[in-house]
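Trainee: Using this note's numbering, the letters of the sequence shown map in sequence onto residues 613 to 965. One structure follows; several queries about it will come next.
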Amino acid sequence: MTAARPAPEEHDDTPVRGSGNGAAGPATGHWRPPRGPVVCLGETMAAMAPAPSDSLDDTESLRLSVAGAESNVAMYLADLGLPVSWLSALGDDALGRRVRAAVARAGVDVSGVRTDPARPTGLLLKEPGAAGTRVHYYRGGSAASALGPDVLDDERFGGAALLHLTGVTPALSPSCRALVERALRTPPARRTHAVSFDVNHRPALWPPDTAAAVLRDLADRADIAFVGLDEAQDLWGAGLTATDVRRLLSGPRVLVVKDGGRSATAFTGQGACTVPAPATEVVEPVGAGDAFAAGFLAGLWRGTDLTRALRLGHITAASALKVVGDHGPLPDEDTVAAMLSLTEQDWCRAPVS
């Protein structure tokens with residue numbers, strides 16, 4: 613795949629480490645993470661799904677792919693030209709080897725992924741239907757569920773500019789929760805790298821009445837946080853607006869609230885920026901949130917303004933919406949550059965090709 617690399621706007625891109633771990637370019641006015649390698653940390657499973665037109669009850673074949681929120685982000689970041697590593701653990705099995713190879717083919721450094729000889733690689737099964745796609749998880753006791761805080765001692769963190777985590781990881785096991793809590797324990801101004809956290813609420817993974825408080829606390833400690841408006845309403849109150857979510861999560865330097873296929877709003881210390889989602893053909897929505905996060909993070913990393921960062925998020929999400937798997941091809945570089953440069957009126961009318 614030809615990586616789509618939007619040209620960065622001019623800015624002072626000198627990263628500030630150990631003093632807010634970021635910089636604000638004069639052309640943008642908002643905080644951004646320093647430039648440098650990105651680390652994505654979390655479980656990736658083998659995924660099986662029938663063709664979009666088939667039912668799981670009747671199909672005679674299943675497509676094997678990979679599925680993991682953090683590796684999805686890593687693969688799209690690699691597509692967008694960022695240096696990125698994925699840290700996790702896989703079983704010493706055929707599915708684990710398939711997962712490792714698939715993520716590596718996307719240009720992600722997988723040399724830090726552990727092989728666990730005693731635990732299997734997780735598996736998920738997608739069940740498409742008229743009401744949407746149901747996902748069945750077979751991940752209890754998986755290799756990644758045994759990860760703990762010691763993974764943060766990996767040498768890749770020594771030079772990392774950004775660590776990306778999601779709310780899936782703390783739901784996997786007590787040791788995984790301790791890992792995420794340690795990653796977010798240091799106050800933002802004292803961190804050597806920025807931390808991005810996507811709430812990514814998976815109700816089936818959490819004991820009753822536990823997710824809301826834990827995920828709010830973790831998201832509020834991140835430098836950059838992502839949450840869908842629908843999941844925020846499920847977690848913290850049915851009537852919440854995007855502005856209400858910002859009041860609940862006032863800690864992040866940048867908070868992105870995604871309103872499904874309608875729009876996304878980025879809140880910073882300078883205010884809010886909303887960009888509508890372009891018209892997009894939807895084959896399957898699974899993975900689109902991860903793709904959006906990658907596009908937005910790539911925009912921030914490159915020092916672009918919030919409007920373009922949100923647009924790049926939407927463009928990247930559209931590539932996931934158009935495929936059965938979680939990782940689809942991006943438009944070519946010229947198309948991406950042209951879409952980022954559209955006027956507001958033309959953006960609202962332009963489909964993602």
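Positions of the beta carbon are idealized from the N, C-alpha and C atoms, including for glycine.
Pairing CB atoms from the stretch 774-785 with CB atoms from the stretch 665-679, are three or more of them under 8 Å?
Mentor: Taking 8 Å as the limit for Cβ pairs, the verdict is that the stretch 665-679 does not touch the stretch 774-785.
Trainee: Pull up the DSSP beta-bridge partners for L692, would you.
Mentor: Along the sequence shown, read from residue 1 onward, the residue named residue 692 stands at position 80. According to DSSP, which records beta bridges pairwise, L692 is partnered with nothing at all.
Trainee: Out of T928, R859 and A714, which one is the CA nearest neighbour of D944?
Mentor: Mapped onto the sequence shown, residue 944 falls at position 332. The option with the nearest alpha carbon to D944 is T928.
Trainee: Helix, strand or coil: which one does DSSP assign to R797?
Mentor: On the sequence shown, position 185 is the one that residue 797 refers to. DSSP places R797 in coil when its eight states are reduced to three.
Trainee: Which first and last residues belong to the alpha helix (DSSP H) in which E945 is found?
Mentor: Taking the sequence shown and counting its residues from 1, the one referred to as residue 945 is at position 333. E945 to L952 is the span of the alpha helix (DSSP H), which, as asked, contains E945.
Trainee: Nearest-angstrom Cα distance between G851 and A878?
Mentor: The sequence position of residue 851 within the sequence shown is 239, counting from 1. The sequence position of residue 878 within the sequence shown is 266, counting from 1. Answer to the nearest angstrom: the Cα atoms are 19 Å apart.
Trainee: Along the beta strand (DSSP E) that carries D871, what are the first and last residues, could you check?
Mentor: Taking the sequence shown and counting its residues from 1, one reaches residue 871 at position 259. Looking at the DSSP string, the run of the beta strand (DSSP E) that includes D871 is V866 to D871.
Trainee: Count the C-beta pairs between the stretch 782-793 and the stretch 659-666 that are closer than 8 Å, then say yes if the count reaches three, no if not.
Mentor: With a cut-off of 8 Å, the stretch 659-666 and the stretch 782-793 do not count as touching, because too few Cβ pairs lie within range.
Trainee: With distance defined between alpha-carbon atoms, name the residue in D766, L830 and L817 nearest to R797.
Mentor: Here residue 797 is taken as the residue at index 185 of the sequence shown, counted from 1. The shortest Cα separation from R797 among D766, L830 and L817 belongs to L830.
Trainee: Under 8 Å Cβ to Cβ from L912, same chain only, skipping five residues before and after it: list those, please.
Mentor: Translated into the one-based positions of the sequence shown, residue 912 becomes position 300. For L912, where only same-chain residues beyond five positions count, the Cβ hits under 8 Å are R644, P645, I836, V866 and A921.
Trainee: Just curious, the alpha helix (DSSP H) that D902 is in, first and last residue?
Mentor: Position 290 of the sequence shown, counted from the first residue, corresponds to residue 902. A900 to R914 is the span of the alpha helix (DSSP H), which, as asked, contains D902.
Trainee: Can you check whether the C-beta of R794 is within less than 7 Å of a C-beta belonging to chain B?
Mentor: The chain inventory of the structure shown lacks chain B, comprising one protein chain alone.
Trainee: At a cut of 8 Å, does the stretch 710-721 reach the stretch 742-762 through at least three beta carbon pairs?
Mentor: Touching, no.
Trainee: To the nearest angstrom, how far is the alpha carbon of G708 from that of A950?
Mentor: For the purposes of this step, residue 708 is identified with residue 96 of the sequence shown, where counting begins at 1. For the purposes of this step, residue 950 is identified with residue 338 of the sequence shown, where counting begins at 1. If I take the Cα positions, the gap works out to 39 Å.
Trainee: Classify R874 as buried or exposed, calling it buried when 16 or more other Cβ atoms lie within 10 Å of its own Cβ.
Mentor: If you number the sequence shown from 1, residue 874 lands on position 262. It is exposed - the Cβ of R874 has fewer than 16 other Cβ atoms within 10 Å.
Trainee: Just to confirm, are S683 and V715 a CB contact at a threshold of 7 Å?
Mentor: Position 71 of the sequence shown, counted from the start, is the residue given in the question as residue 683. Position 103 of the sequence shown, counted from the start, is the residue given in the question as residue 715. In contact: S683 and V715 (Cβ atoms closer than 7 Å).
Trainee: If the criterion is Cβ atoms closer than 7 Å, does the pair L759 and A701 meet it?
Mentor: In the sequence shown, residue 759 corresponds to position 147, counting from 1. In the sequence shown, residue 701 corresponds to position 89, counting from 1. Yes, these two residues count as a Cβ contact at 7 Å.
Trainee: Assuming T919 and V869 form a contact by the criterion Cβ under 8 Å, report the distance between their Cβ atoms to the nearest whole angstrom.
Mentor: As a first step, residue 919 must be located in the sequence shown, where it is residue number 307. As a first step, residue 869 must be located in the sequence shown, where it is residue number 257. Actually they do not touch by this definition, with Cβ atoms about 15 Å apart.
Trainee: On the DSSP letters alone, give me the boundaries of the alpha helix (DSSP H) that V573 sits inside.
Mentor: Shown here, the chain extends from 613 to 965; a query on residue 573 therefore has no answer.
Trainee: Examine the Cβ distances between the stretch 753-770 and the stretch 727-735 and report whether three or more of them are shorter than 8 Å.
Mentor: Judged by Cβ distances under 8 Å, the stretch 753-770 makes contact with the stretch 727-735, as three or more pairs qualify.
Trainee: Have a look at A889, H748 and A706 and flag the residue whose alpha-carbon is nearest the alpha-carbon of L817.
Mentor: The residue you call residue 817 lines up with position 205 of the sequence shown. With distances taken between Cα atoms, L817 lies closest to H748.
Trainee: Find the nearest neighbour of E793 within the set V826, L952, A906 and G883, judged by alpha-carbon distance.
Mentor: The sequence position of residue 793 within the sequence shown is 181, counting from 1. When only C-alpha atoms are compared, the closest one is V826.
Trainee: How would you write the range of the alpha helix (DSSP H) that A825 sits in, first residue to last?
Mentor: Here residue 825 corresponds to residue number 213 of the sequence shown, with the count starting at 1. Element bounds for A825: A823 to D832.
Trainee: Between W698 and V763, what straight-line distance do the alpha-carbon atoms span, to the nearest angstrom?
Mentor: Within the sequence shown, the letter at position 86 stands for residue 698. Within the sequence shown, the letter at position 151 stands for residue 763. Approximately 12 Å between the Cα atoms of the pair.
Trainee: Does the Cβ-Cβ distance between P890 and H939 come in under 7 Å?
Mentor: For the purposes of this step, residue 890 is taken as residue 278 along the sequence shown, with counting starting at 1. For the purposes of this step, residue 939 is taken as residue 327 along the sequence shown, with counting starting at 1. The answer is no: Cβ separation not under 7 Å.
Trainee: For G637 and D810, what's the separation of their Cα atoms in angstroms?
Mentor: Indexing the sequence shown from 1 puts residue 637 at position 25. Indexing the sequence shown from 1 puts residue 810 at position 198. Reliability fails at G637, whose pLDDT of 41 lies under 50, so the model's placement of it is uncertain and the value that follows must be treated cautiously. Whole-angstrom Cα-Cα distance: 24 Å.
Trainee: Under a Cβ-count criterion, where at least 16 other Cβ atoms within 10 Å of its own Cβ denotes burial, should G907 be classed as buried or exposed?
Mentor: Taking the sequence shown and counting its residues from 1, the one referred to as residue 907 is at position 295. Flag for G907 reads buried.
Trainee: In chain order, what residues of the same chain have a beta carbon less than 6 Å from the beta carbon of A686, not counting five sequence neighbours either side?
Mentor: Here residue 686 corresponds to residue number 74 of the sequence shown, with the count starting at 1. These residues qualify, in order along the chain: C652, V696, W698 and V720.
Trainee: Could you tell me which whole alpha helix (DSSP H) segments of length 4 or greater appear in the stretch 739-794?
Mentor: Complete alpha helix (DSSP H) runs here, min 4: 781-784.
Trainee: Taking the alpha-carbon positions, what's the R828 to L861 distance?
Mentor: Here residue 828 refers to the residue found at position 216 of the sequence shown. Here residue 861 refers to the residue found at position 249 of the sequence shown. Their backbone Cα atoms lie some 7 Å apart in a straight line.
Trainee: Note down the Cα distance separating G703 from S673, rounded to an integer number of angstroms.
Mentor: By one-based count along the sequence shown, residue 703 stands at place 91. By one-based count along the sequence shown, residue 673 stands at place 61. The straight-line gap from Cα to Cα measures roughly 24 Å.
Trainee: What does S808 pair with, by DSSP beta-bridge criteria?
Mentor: Locating residue 808 in the sequence shown gives position 196, counting from the first residue. Per DSSP, H776 and I836.
Trainee: Over what stretch of residues does the beta strand (DSSP E) that includes T886 continue unbroken?
Mentor: Here residue 886 corresponds to residue number 274 of the sequence shown, with the count starting at 1. G883 to P888 is the span of the beta strand (DSSP E), which, as asked, contains T886.
Trainee: Would you report the Cα separation of R617 and D669, rounded to the nearest angstrom?
Mentor: Taking the first residue of the sequence shown as position 1, residue 617 is located at position 5. Taking the first residue of the sequence shown as position 1, residue 669 is located at position 57. Because R617 carries a pLDDT of 38, less than 50, the predicted location of this residue cannot be relied on, and the following value inherits that uncertainty. R617 and D669: Cα-Cα distance of roughly 42 Å.
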